[in-house]
Amino acid sequence: YAAKELKAGAVVFQPEVHATTPVRLSVLGDLRRALDNDGELFLHYQPKVALDGERIEGMEALLRWQHPTQGLIPPGEFIPVAEGTGIILRLTERVLDLALAQQRCWVDAGTAVPVAVNLSTRCLLDAGLPDRVQRLLAEHGVPAALLRLEVTESAVMGDAARCMDVLQRLHDLGVHLSIDDFGTGYSSMAYLRRLPVDELKIDRSFVLGMTTTSQDLVLVRTAIDLGHNLGLTVVAEGVEGGEHVVALRALGCDVAQGYHYGRPMAAGPMSEVLSRMGTIHQGQVPSDR
Ligand code: C2E
Ligand code: MG
Ligand code: MG
Ligand code: MG
Numbered sequence: 394y395a396a397k398e399l400k401a402g403a404v405v406f407q408p409e410v411h412a413t414t415p416v417r418l419s420v421l422g423d424l425r426r427a428l429d430n431d432g433e434l435f436l437h438y439q440p441k442v443a444l445d446g447e448r449i450e451g452m453e454a455l456l457r458w459q460h461p462t463q464g465l466i467p468p469g470e471f472i473p474v475a476e477g478t479g480i481i482l483r484l485t486e487r488v489l490d491l492a493l494a495q496q497r498c499w500v501d502a503g504t505a506v507p508v509a510v511n512l513s514t515r516c517l518l519d520a521g522l523p524d525r526v527q528r529l530l531a532e533h534g535v536p537a538a539l540l541r542l543e544v545t546e547s548a549v550m551g552d553a554a555r556c557m558d559v560l561q562r563l564h565d566l567g568v569h570l571s572i573d574d575f576g577t578g579y580s581s582m583a584y585l586r587r588l589p590v591d592e593l594k595i596d597r598s599f600v601l602g603m604t605t606t607s608q609d610l611v612l613v614r615t616a617i618d619l620g621h622n623l624g625l626t627v628v629a630e631g632v633e634g635g636e637h638v639v640a641l642r643a644l645g646c647d648v649a650q651g652y653h654y655g656r657p658m659a660a661g662p663m664s665e666v667l668s669r670m671g672t673i674h675q676g677q678v679p680s681d682r
């Protein structure tokens, strides 16, 4: 009977059992080690292209993990694990440090455009974040306007009051803010209007379907109009084909990001793309900071 009860108890507490399964623990342990190991965690950059003229108006930094035995692990597999613990804060600080160090090189080369870093919900509840961002910008000598922070719709809408203070302080620094994966969360239009954001990114699931599914087309058009009516720049994510570009231009979308223009790539190839395609900020970025 005792054994049976024990077994039943284990079933009741399954979430905790799951949270500490060996796989999860080893990801966390390996991630802690990776944070101390130079080069295991690195960034790829994906261009964001202005649809009127096809010049680069920004880029997104996406985290990559080259695990010593398991090879390249995509962020979808370790970010959610890191989000369950405080390690996401260290990870985010590392990403900011790497992105701003690279951005400094682009500033010096005169080819800098704003670089976007993704923030998890947990980061928006961290009152120390704005000060850390300010310190990192100063350390690397990068103007705040050349950093963009992407937050998901669901993250902000989930606890908008607490996030609002952190977002407002980041905005006051001069950092640009984006709503990521727009359309997949549950939005409150009232909060969307009050948030100090500059950019809205339409989730790629709608963009992919917009040329074949009329509902997706309607959703993309509605998101573009909503964004413009709120004075925001609208970005389409997951732009994979020329037909998407044509459709997005017709709807007045401002910026496109996706495999059509370039997959996420290392900083070296990104530098080549910057000089080949040109940037919309060329010559306007202070290079003496
Ligand atoms: P996200 O911020 O929405 O980033 C866009 C994702 O879409 C990236 O996946 C990118 O490689 C992918 N993508 C870009 N263009 C296309 C396209 O045309 N077609 C398709 N099918 N996919 C495209 P990735 O790099 O695997 O990142 C996945 C997610 O992981 C990101 O979604 C973001 O939520 C998270 N993530 C990545 N890096 C970080 C980071 O440094 N910190 C945090 N907190 N999250 C991150
Ligand atoms: Mg993003
Ligand atoms: Mg996104
Ligand atoms: Mg996404």
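So the UniProt record's numbering is basically just the index in the sequence shown, starting at one, shifted up by 393. All C-beta atoms in this analysis are idealised placements derived from N, C-alpha and C, irrespective of residue type, glycine included.
- With a cut-off of 8 Å on Cβ pairs, the region 554-574 is not in contact with the region 470-477, counting fewer than three such pairs.
- A distance below 7 Å between beta-carbons, with the five flanking residues on each side excluded, links Asp-490 to the following residues of its chain, in chain order: Leu-529.
- Under DSSP, Pro-440 takes part in a beta bridge, and its partners are Met-452.
- The three-state secondary structure of Gly-446, taken from DSSP, is coil.
- The C-beta distance from Leu-560 to Pro-589 rounds to 6 Å, short enough to meet the 8 Å contact threshold.
- Under the rule that a run must span 4 or more residues, the alpha helix (DSSP H) segments found entirely inside the region 541-607 read 546-551, 553-566, 582-587, 597-602.
- Per DSSP, reduced to three states, the secondary structure at Asn-430 is coil, with no helix or strand assignment.
- Excluding sequence positions up to five before and after His-653, its CB lies within less than 8 Å of the CB of Val-632, Glu-633, Gly-634, Gly-635, His-637, Val-638, all in the same chain and listed in chain order.
- Our two residues, Leu-484 and His-564, have alpha carbons roughly 22 Å apart in a direct line.
- Assigned with DSSP and collapsed to three states, Arg-497 falls in helix.
- If you check the C-beta of Lys-441 against ligand 3, you find no heavy atom less than 8 Å away.
- When secondary structure is reduced to three states using DSSP, Leu-465 falls in the strand class.
- Here Leu-436 has Ala-454, Leu-455, Leu-456, Arg-457, Val-488, Leu-491, Ala-492, Gln-495, Ala-660 as same chain residues with Cβ atoms under 8 Å from its own Cβ, once five neighbours each way along the sequence are excluded.
- Between the region 493-513 and the region 532-551, the count of C-beta pairs closer than 8 Å reaches three or more; the two stretches touch.
- Inter-residue distance for Gly-576 and Ala-616 is about 8 Å (C-alpha atoms, whole angstroms).
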